[in-house]
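A.B. asks: Input: one structure, supplied below.
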Amino acid sequence: MPVRPICVAAALLASCATGTAAVAADATAYRAAIDAQIDRQTPDLDALYIDLHTHPELGFQEQRTAALLAARMRKLGFTVTEQVGKTGIVAVYHNGNGPVVMVRTELDALPVEEKTGLAYASRATATGEDGRQTFVAQACGHDTHMAAWIGTATTLIVLKDRWHGTLVFVGQPAEEMVSGAAAMLNDGLFTRFPRPDFGFAAHVQAGLAGTVSVKQGPATSAVDTIQIRFNGVGAHGSMPDKGIDPIVEAAHFVTDVQSVIAREKDPWKFGVVTVGSFHAGTVSNIIPDHADLQLTLRSYDADVRKIINDGVERTARAAAETARAPAPDIRHTFTASPVVNDPALAATTAATLKAALGNDKVTLVPETAPGWTASEDYSELVRAGMPHSVYFGLGGFAQATIDRAQADGKALPVNHSPLFAPDHAPVIRTGIEVLTLAVLGVTGN
Ligand SMILES: [Zn+2]
Ligand SMILES: [Zn+2]
0 MPVRPICVAA
10 ALLASCATGT
20 AAVAADATAY
30 RAAIDAQIDR
40 QTPDLDALYI
50 DLHTHPELGF
60 QEQRTAALLA
70 ARMRKLGFTV
80 TEQVGKTGIV
90 AVYHNGNGPV
100 VMVRTELDAL
110 PVEEKTGLAY
120 ASRATATGED
130 GRQTFVAQAC
140 GHDTHMAAWI
150 GTATTLIVLK
160 DRWHGTLVFV
170 GQPAEEMVSG
180 AAAMLNDGLF
190 TRFPRPDFGF
200 AAHVQAGLAG
210 TVSVKQGPAT
220 SAVDTIQIRF
230 NGVGAHGSMP
240 DKGIDPIVEA
250 AHFVTDVQSV
260 IAREKDPWKF
270 GVVTVGSFHA
280 GTVSNIIPDH
290 ADLQLTLRSY
300 DADVRKIIND
310 GVERTARAAA
320 ETARAPAPDI
330 RHTFTASPVV
340 NDPALAATTA
350 ATLKAALGND
360 KVTLVPETAP
370 GWTASEDYSE
380 LVRAGMPHSV
390 YFGLGGFAQA
400 TIDRAQADGK
410 ALPVNHSPLF
420 APDHAPVIRT
430 GIEVLTLAVL
440 GVTGN
């Protein structure tokens, strides 16, 4: 089989379109070949998923997870480097001349107590960023991504006579802390390893398992993380006039800050302010001297982003002033821009996926339509020099699960809920199909 020339700069997409055309033209055969590999791997990937689900680790603490995945990638023939950006892994596989393609998974879990009731539910605990002990759970479904990532690598190695190029499989730490991508970039992700021409990642979300959403343009929101310490004056619980109560001060802030969303932001534009953490005090009869809040801000437009960031700070200062309290300490911690998918690559990849998986399974969402409200620091990899990239959305729930929830009159739990439990088998299968087809689309013979 002839080896395609390396896809280069300006002509990158055009020259790589041959791969897409080849896969799209013979989509049924490609899907059959991929599915045969998935069938072979299913018991092993199921066991891997359960293992990862039962042993979740917080961001930058993913030692066990990284070691497990690194060992598997080495066994497949990848050259693996560990501890890139603290706990990240980079696995490289050369297969002749062709483009360099990144496939990324997250490695981390969340500080939340799993309440899914599953037989393999996590009871793991760890010390969080704030020094407190916390339960840990894969409440965002990153365990399905890791299993699909291993499955995709395995499938591509078995099918290596059908493509040419270099694979860079990245296991990124601390996605939930919106800082793992930057840590890997600062540790030479794009200088110590082949620089990707193309990049792909996928995230499980709401929707029917087996379906995939391909967004053109902005796919996820921008995130700004803010920590605020409201300073008060400690006193006896029976003598509020002798102190300044930071709990009342912060409580005013929590309700007032929503006016920034309701009254300052353009109502047609997306913007969210959530206070996700509020810690203050020890016992009932002491007025504490401070209250610590953590906020997440989400937006798409730069103007909305500025309005809500400014509004949060102004409202915090005003709450302190109203309470006669010292000024609050406001600290911006993690931030990430929207993930922007290459519109052309999204369209060609969606066409490949439709040909292989069926029209009804794939939705190409146009650039002007809204993306997901959630955020991702995969955006930092794209912005650092990987513009030809697509971030897919995978449906998380089997029809039977959706029907059961409807019959019970309940909404299905969303990502980060302690009840979030996607139907992992079909999610992993679709993840492998989508990522493998996407890679073959830009590297196929
Ligand atoms: Zn998440
Ligand atoms: Zn996630």
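Under numbering that gives the first Met the number 0, think of the first position of the sequence shown as 0, with each following residue one higher.
Glycine included, each C-beta is placed from N, C-alpha and C at the ideal position.
Predicted, not measured: the structure shown is a model, and the values here were computed from it.
Go through its chain and collect everything with a Cβ distance to residue 271's Cβ below 6 Å, but skip five positions before and after it.
C.D. replies: Start at 1 with the first residue of the sequence shown, and residue 271 comes out as number 272. Correct list, in chain order: 297.
A.B. asks: Let me know if residue 282 comes out buried or exposed under the rule of 16 or more other beta-carbons within 10 Å of its beta-carbon.
C.D. replies: By one-based count along the sequence shown, residue 282 stands at place 283. Exposed, by the Cβ-count rule.
A.B. asks: Taking 8 Å as the CB-CB limit, is residue 372 close to chain D?
C.D. replies: Considering every chain present, this structure includes no chain D. It has just one protein chain.
A.B. asks: Tell me whether residue 141 sits in a helix, a strand or coil according to DSSP, three-state version.
C.D. replies: Translated into the one-based positions of the sequence shown, residue 141 becomes position 142. Three-state DSSP puts residue 141 in a helix.
A.B. asks: Hey, how far is the Cα of residue 65 from the Cα of residue 328?
C.D. replies: Here residue 65 refers to the residue found at position 66 of the sequence shown. Here residue 328 refers to the residue found at position 329 of the sequence shown. Cα to Cα, the separation comes out at about 36 Å.
A.B. asks: Tell me whether residue 113, by its Cβ, gets closer than 7 Å to a heavy atom of ligand 1.
C.D. replies: As a first step, residue 113 must be located in the sequence shown, where it is residue number 114. The answer is no for residue 113.
A.B. asks: What are the boundary residues of the alpha helix (DSSP H) that residue 229 is part of?
C.D. replies: What you label residue 229 is simply residue 230 of the sequence shown in a count that begins at 1. Run containing residue 229: none in the alpha helix (DSSP H); it sits in the beta strand (DSSP E), 221-230.
A.B. asks: Quick check: what's the CA-CA separation for residue 50 versus residue 57?
C.D. replies: Taking the sequence shown and counting its residues from 1, the one referred to as residue 50 is at position 51. Taking the sequence shown and counting its residues from 1, the one referred to as residue 57 is at position 58. In a straight line, the C-alpha of residue 50 is about 15 Å away from that of residue 57.
A.B. asks: Are residue 318 and residue 248 closer than 8 Å when you measure CB to CB?
C.D. replies: Here residue 318 refers to the residue found at position 319 when the sequence shown is read from its first residue. Here residue 248 refers to the residue found at position 249 when the sequence shown is read from its first residue. Yes, the Cβ-Cβ distance between residue 318 and residue 248 is below 8 Å.
A.B. asks: Consult DSSP for residue 289 and reduce its assignment to one of helix, strand or coil.
C.D. replies: Numbered from 1 along the sequence shown, position 290 holds the residue referred to as residue 289. Strand.
A.B. asks: Closest to residue 388 by C-alpha separation, out of 232, 435 and 344, would be which residue?
C.D. replies: Counting from one through the sequence shown, the residue named residue 388 turns up at place 389. Ranking 232, 435 and 344 by Cα distance to residue 388 puts 344 first.
A.B. asks: Check whether the region 81-101 and the region 181-188 are in contact - that is, three or more C-beta pairs closer than 8 Å.
C.D. replies: Yes: at least three Cβ pairs fall under 8 Å.
A.B. asks: Which word fits residue 442, buried or exposed, when buried means at least 16 other C-beta atoms lie within 10 angstroms of its C-beta?
C.D. replies: Position 443 of the sequence shown, counted from the start, is the residue given in the question as residue 442. With 16 or more other Cβ atoms within 10 Å, it is buried.
A.B. asks: Does DSSP put residue 183 in a helix, a strand or coil?
C.D. replies: Locating residue 183 in the sequence shown gives position 184, where the first residue counts as 1. Looking at residue 183 - three-state DSSP - the assignment turns out to be helix.
A.B. asks: Rounded to whole angstroms, what's the CA-CA distance from residue 373 to residue 238? Just pull it up for me.
C.D. replies: Taking the sequence shown and counting its residues from 1, the one referred to as residue 373 is at position 374. Taking the sequence shown and counting its residues from 1, the one referred to as residue 238 is at position 239. Their Cα atoms are separated by approximately 44 Å.
A.B. asks: Return helix, strand or coil for residue 409, following the three-state DSSP convention.
C.D. replies: Taking the sequence shown and counting its residues from 1, one reaches residue 409 at position 410. Coil.
A.B. asks: Can you list the alpha helix (DSSP H) stretches of 4 or more residues lying completely in the region 371-400, in chain order?
C.D. replies: 377-382, all fully within the region 371-400.
A.B. asks: Using the Cβ count rule (16 or more neighbours within 10 Å means buried), how would you classify residue 440?
C.D. replies: Within the sequence shown, residue 440 is the residue found at index 441, counting from 1. Residue 440 comes out buried.
A.B. asks: Ligand 2 heavy atoms versus the CB of residue 61: any closer than 7 Å?
C.D. replies: Along the sequence shown, read from residue 1 onward, the residue named residue 61 stands at position 62. Because no heavy atom of ligand 2 lies under 7 Å away, the Cβ of residue 61 does not count as near it: no.
A.B. asks: Short of 6 Å in beta carbon distance, which residues of its chain neighbour residue 394, apart from the five on each side in sequence? Order them along the chain.
C.D. replies: Taking the first residue of the sequence shown as position 1, residue 394 is located at position 395. Within the same chain, residue 394 has close Cβ partners 206, 207, 208 and 210.
A.B. asks: Below 8 Å, how does it come out for the region 118-133 and the region 146-159: are there three or more Cβ pairs, yes or no?
C.D. replies: No contact exists between the region 118-133 and the region 146-159.
A.B. asks: Tell me the rounded alpha-carbon separation between residue 278 and residue 244.
C.D. replies: Stepping through the sequence shown from its first residue, residue 278 is reached at position 279. Stepping through the sequence shown from its first residue, residue 244 is reached at position 245. Roughly 13 Å between the two C-alpha positions.
A.B. asks: Applying the 10 Å Cβ sphere with the 16-neighbour rule, what's the burial state of residue 434?
C.D. replies: By one-based count along the sequence shown, residue 434 stands at place 435. So residue 434 ends up on the buried side.
A.B. asks: Just verifying my parser: in three-state terms, what is the DSSP assignment at residue 101?
C.D. replies: In the sequence shown, the residue the question calls residue 101 occupies position 102. In the structure shown, residue 101 sits in a strand (DSSP, three-state: E or B).
A.B. asks: Quickly, what does DSSP pair residue 328 with across the bridge? List them, please.
C.D. replies: Residue mapping note: residue 328 aligns to position 329 of the sequence shown, counting from 1. Answer is 228.
A.B. asks: Looking at the structure shown, is residue 344 part of a helix, part of a strand, or coil, going by DSSP?
C.D. replies: Translated into the one-based positions of the sequence shown, residue 344 becomes position 345. Looking at residue 344 - three-state DSSP - the assignment turns out to be helix.
A.B. asks: Any contact between the region 342-361 and the region 304-314? By contact I mean 3 or more CB pairs, one from each, below 8 Å.
C.D. replies: No contact exists between the region 342-361 and the region 304-314.
A.B. asks: Check whether the region 365-381 and the region 38-52 are in contact - that is, three or more C-beta pairs closer than 8 Å.
C.D. replies: Too few Cβ pairs lie closer than 8 Å, so no.
A.B. asks: I need the straight-line Cα distance from residue 340 to residue 144, nearest angstrom please.
C.D. replies: Looking up residue 340 in the sequence shown gives position 341. Looking up residue 144 in the sequence shown gives position 145. Computed Cα separation, rounded: 19 Å.
A.B. asks: If you draw a straight line from the alpha carbon of residue 321 to that of residue 411, how long is it in whole angstroms?
C.D. replies: By one-based count along the sequence shown, residue 321 stands at place 322. By one-based count along the sequence shown, residue 411 stands at place 412. Using only the alpha carbons, I get a separation of about 41 Å.
A.B. asks: Mapping DSSP to helix, strand and coil, what is residue 171?
C.D. replies: By 1-based counting over the sequence shown, the position of residue 171 is 172. If DSSP states are grouped into helix, strand and coil, residue 171 belongs with the strands.
A.B. asks: Look up residue 258 in the DSSP assignment and say whether it is helix, strand or coil.
C.D. replies: Here residue 258 is taken as the residue at index 259 of the sequence shown, counted from 1. Helix.
A.B. asks: Here's the rule: buried if 16 or more other CB atoms are within 10 angstroms of the residue's CB, otherwise exposed. What is residue 290?
C.D. replies: Translated into positions along the sequence shown, residue 290 becomes position 291. Per the 10 Å Cβ criterion, buried.
A.B. asks: Below 8 Å on the Cβ atoms is my guess for residue 98 versus residue 164; work out the distance and round it to an integer in Å.
C.D. replies: Position 99 of the sequence shown holds residue 98. Position 165 of the sequence shown holds residue 164. Correct: roughly 5 Å between the Cβ atoms.
A.B. asks: I'd like the list of long-range same chain contacts for residue 227, defined as Cβ closer than 6 Å, with 5 residues on each side in sequence excluded.
C.D. replies: Taking the first residue of the sequence shown as 1, we reach residue 227 at position 228. Excluding positions up to five away in sequence, the list reads 292, 315, 327 and 329.
A.B. asks: Looking at residue 273: is its Cβ nearer than 8 Å to the Cβ of residue 254?
C.D. replies: On the sequence shown, residue 273 is found 274 positions in, with the first residue counted as 1. On the sequence shown, residue 254 is found 255 positions in, with the first residue counted as 1. Not closer than 8 Å, so no.
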